[in-house]
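Engineer: The structure follows.
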Amino acid sequence: MFPIHTQHIENTENDMIYHDHDSLEFIYCLHGEVSYLINGESITIHKGEAFMINTHIIHARLSSTAHLMTVSIERETFSMHESLLSYFDSFFNHEHAPYIVIHDHTIHALITKLYGLLNIPEMNPFLILSSASELVHLASTILPESKPLDDYDKMLEMIHYLRDHLSQKITIQDMADAVSICRSRCCSIFSHYLHTSPMVYLNELRLVHSAELLSTDYSIVSISKMCGFSRPSYFNTQFKKRYHMTPLEYRHSS
Numbered sequence: 001m002f003p004i005h006t007q008h009i010e011n012t013e014n015d016m017i018y019h020d021h022d023s024l025e026f027i028y029c030l031h032g033e034v035s036y037l038i039n040g041e042s043i044t045i046h047k048g049e050a051f052m053i054n055t056h057i058i059h060a061r062l063s064s065t066a067h068l069m070t071v072s073i074e075r076e077t078f079s080m081h082e083s084l085l086s087y088f089d090s091f092f093n094h095e096h097a098p099y100i101v102i103h104d105h106t107i108h109a110l111i112t113k114l115y116g117l118l119n120i121p122e123m124n125p126f127l128i129l130s131s132a133s134e135l136v137h138l139a140s141t142i143l144p145e146s147k148p149l150d151d152y153d154k155m156l157e158m159i160h161y162l163r164d165h166l167s168q169k170i171t172i173q174d175m176a177d178a179v180s181i182c183r184s185r186c187c188s189i190f191s192h193y194l195h196t197s198p199m200v201y202l203n204e205l206r207l208v209h210s211a212e213l214l215s216t217d218y219s220i221v222s223i224s225k226m227c228g229f230s231r232p233s234y235f236n237t238q239f240k241k242r243y244h245m246t247p248l249e250y251r252h253s254s
């Protein structure tokens, strides 16, 4: 009905690779604590705290002891209401800070309310839209404007390039060429924003995607090819290093 997504997350290990998305992501900590890396900066929230990650912001969740409630709101939520869309456009166009820790209990209550409205059998479109509008409005009033970040767009472009060409053989030069920069600058950008090398990130991206595909009916050999591993034996070795079990064991454990 609405391009708004919810998720309940409990006690996760470090299983989220750096990524970005088109939505505003609100995270509310119900219990424990959780740390995120956002643009290379670490932030931690505890029980009763919340924060919001802006659109197209590179981030990753670290291991946590938390129970989290997340609500992700896409721009298209307001597409049928031109005045609302116009009002929120700057908020969805990356003109504000990458994230903000939220101490406002009114916003905490709205996150909880919207999560509940989206997880009942008979959804009420009016209540969902009004709650989403109020949540985004209140967040927009406390989120400062963004400051330009050197090469940030290049970083995003390279991440998207890797996602779109995951099954292919990719070199550092390919990544650099995709955004018209040199190899050394490519490596520097990865180091600055992700604290890792381009090839290490690519390998992590392939492994995370392969784990997602193991819930499908694709064979393990097919998955290794789809994720850019030239040899199934190498895929098995790399997968076991990250997940402490073979792909087959991971599939059976899911």
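Here the sequence shown is numbered in my numbering, starting from 1 and rising by one per residue. Each residue gets a CB set at the ideal place from its N, CA and C atoms; glycine is no exception. Note that the structure is predicted; figures quoted are calculated from it, not measured.
Let me check one thing: in DSSP terms, what residues is tyrosine 152 bridge-paired to?
Structural biologist: Along the sequence shown, read from residue 1 onward, the residue named residue 152 stands at position 152. Tyrosine 152 pairs with nothing; no bridge assigned.
Engineer: From Ile43, Met80 and His56, pick the residue whose C-alpha is nearest to that of serine 64; which is it?
Structural biologist: In the sequence shown, counting from the first residue as 1, residue 64 sits at position 64. Out of Ile43, Met80 and His56, the CA that lies nearest to the CA of serine 64 is found in Ile43.
Engineer: Assess contact between the segment 49–67 and the segment 28–39, defined as three or more Cβ pairs (one per stretch) separated by less than 8 Å. Is contact present?
Structural biologist: By the criterion of at least three beta-carbon pairs nearer than 8 Å, the segment 49–67 is in contact with the segment 28–39.
Engineer: Look at isoleucine 58 and leucine 205 and say whether their C-beta atoms are less than 8 Å apart.
Structural biologist: Against the sequence shown, residue 58 aligns to sequence position 58. Against the sequence shown, residue 205 aligns to sequence position 205. Not a contact, by the Cβ cut-off of 8 Å.
Engineer: For isoleucine 73 versus leucine 129, is the C-beta spacing smaller than 8 Å?
Structural biologist: For the purposes of this step, residue 73 is taken as the residue at position 73 of the sequence shown. For the purposes of this step, residue 129 is taken as the residue at position 129 of the sequence shown. No.
Engineer: Just curious, the alpha helix (DSSP H) that methionine 175 is in, first and last residue?
Structural biologist: For this step, residue 175 is matched to residue 175 along the sequence shown. Counting along the chain, the alpha helix (DSSP H) containing methionine 175 begins and ends at 172–178.
Engineer: Can you give the Cα-Cα distance for glutamine 168 and phenylalanine 229, rounded to whole angstroms?
Structural biologist: On the sequence shown, position 168 is the one that residue 168 refers to. On the sequence shown, position 229 is the one that residue 229 refers to. Going by the C-alpha atoms only, they are around 9 Å apart.
Engineer: Please state whether DSSP places alanine 109 in a helix, a strand or coil.
Structural biologist: For this step, residue 109 is matched to residue 109 along the sequence shown. Note: alanine 109 maps to helix in three-state DSSP.
Engineer: Asparagine 54 and proline 98 look like a contact to me (Cβ under 8 Å); what is the Cβ gap, rounded to whole Å?
Structural biologist: Against the sequence shown, residue 54 aligns to sequence position 54. Against the sequence shown, residue 98 aligns to sequence position 98. That pair is a contact at about 5 Å.
Engineer: So what's arginine 206 in DSSP terms, helix, strand or just coil?
Structural biologist: Position 206 of the sequence shown, counted from the start, is the residue given in the question as residue 206. Three-state result, arginine 206: helix.
Engineer: Are the CB atoms of phenylalanine 91 and serine 140 within a distance shorter than 8 Å?
Structural biologist: Position 140 of the sequence shown, counting from 1, holds the residue named residue 140. Position 91 of the sequence shown, counting from 1, holds the residue named residue 91. A Cβ-Cβ contact shorter than 8 Å links serine 140 with phenylalanine 91.
Engineer: Under the DSSP definition of a beta bridge, which residues are partnered with tyrosine 99?
Structural biologist: On the sequence shown, position 99 is the one that residue 99 refers to. DSSP output for tyrosine 99 lists Ile53 as bridge partner(s).
Engineer: Assuming isoleucine 102 and alanine 60 make a contact with CB atoms under 8 Å, what is their CB distance in whole Å?
Structural biologist: Working through the sequence shown from its first residue, we reach residue 102 at position 102. Working through the sequence shown from its first residue, we reach residue 60 at position 60. Contact doesn't hold; Cβ gap of about 20 Å is too wide.
Engineer: Which word fits histidine 46, buried or exposed, when buried means at least 16 other C-beta atoms lie within 10 angstroms of its C-beta?
Structural biologist: Taking the sequence shown and counting its residues from 1, the one referred to as residue 46 is at position 46. Exposed is the call here.
Engineer: Give the range of the beta strand (DSSP E) segment to which isoleucine 43 is assigned.
Structural biologist: In the sequence shown, the residue the question calls residue 43 occupies position 43. It spans 41–46 - the beta strand (DSSP E) in which isoleucine 43 sits, taken as one unbroken run.
Engineer: DSSP three-state call for tyrosine 243: helix, strand or coil?
Structural biologist: Taking the first residue of the sequence shown as 1, we reach residue 243 at position 243. Three-state result, tyrosine 243: helix.
Engineer: If you draw a straight line from the alpha carbon of tyrosine 234 to that of lysine 241, how long is it in whole angstroms?
Structural biologist: As a first step, residue 234 must be located in the sequence shown, where it is residue number 234. As a first step, residue 241 must be located in the sequence shown, where it is residue number 241. Spanning the two alpha carbons is a distance of roughly 11 Å.
Engineer: Where does the unbroken beta strand (DSSP E) through histidine 8 begin, and where does it stop?
Structural biologist: As a first step, residue 8 is located in the sequence shown; it is residue number 8 there, counting from the start. From DSSP, the beta strand (DSSP E) with histidine 8 extends over 4–10.
Engineer: Distance, Cα to Cα, glutamate 10 vs valine 34?
Structural biologist: Position 10 of the sequence shown holds residue 10. Position 34 of the sequence shown holds residue 34. For the pair glutamate 10 and valine 34, the Cα-to-Cα distance works out to about 10 Å.
Engineer: According to the Cβ coordinates, are leucine 207 and isoleucine 223 closer than 8 Å?
Structural biologist: The count along the sequence shown starts at 1 and reaches residue 207 at position 207. The count along the sequence shown starts at 1 and reaches residue 223 at position 223. For the 8 Å CB-CB criterion, leucine 207 and isoleucine 223 do not form a contact.
Engineer: CA-CA distance, proline 232 and phenylalanine 239?
Structural biologist: Here residue 232 refers to the residue found at position 232 when the sequence shown is read from its first residue. Here residue 239 refers to the residue found at position 239 when the sequence shown is read from its first residue. Approximately 10 Å, taken between the alpha carbons.
Engineer: Put alanine 60 into one of helix, strand or coil per three-state DSSP.
Structural biologist: Translated into positions along the sequence shown, residue 60 becomes position 60. Three-state DSSP puts alanine 60 in a strand.
Engineer: Can you check whether the CB of isoleucine 142 is closer than 8 Å to the CB of isoleucine 111?
Structural biologist: Working through the sequence shown from its first residue, we reach residue 111 at position 111. Working through the sequence shown from its first residue, we reach residue 142 at position 142. Not a contact, by the Cβ cut-off of 8 Å.
Engineer: Along the chain, where does the beta strand (DSSP E) containing valine 26 start, and where does it finish?
Structural biologist: Translated into positions along the sequence shown, residue 26 becomes position 26. Here residue 26 turns out to be phenylalanine, not valine, going by the sequence shown. 24–31 is the extent of the beta strand (DSSP E) around phenylalanine 26.
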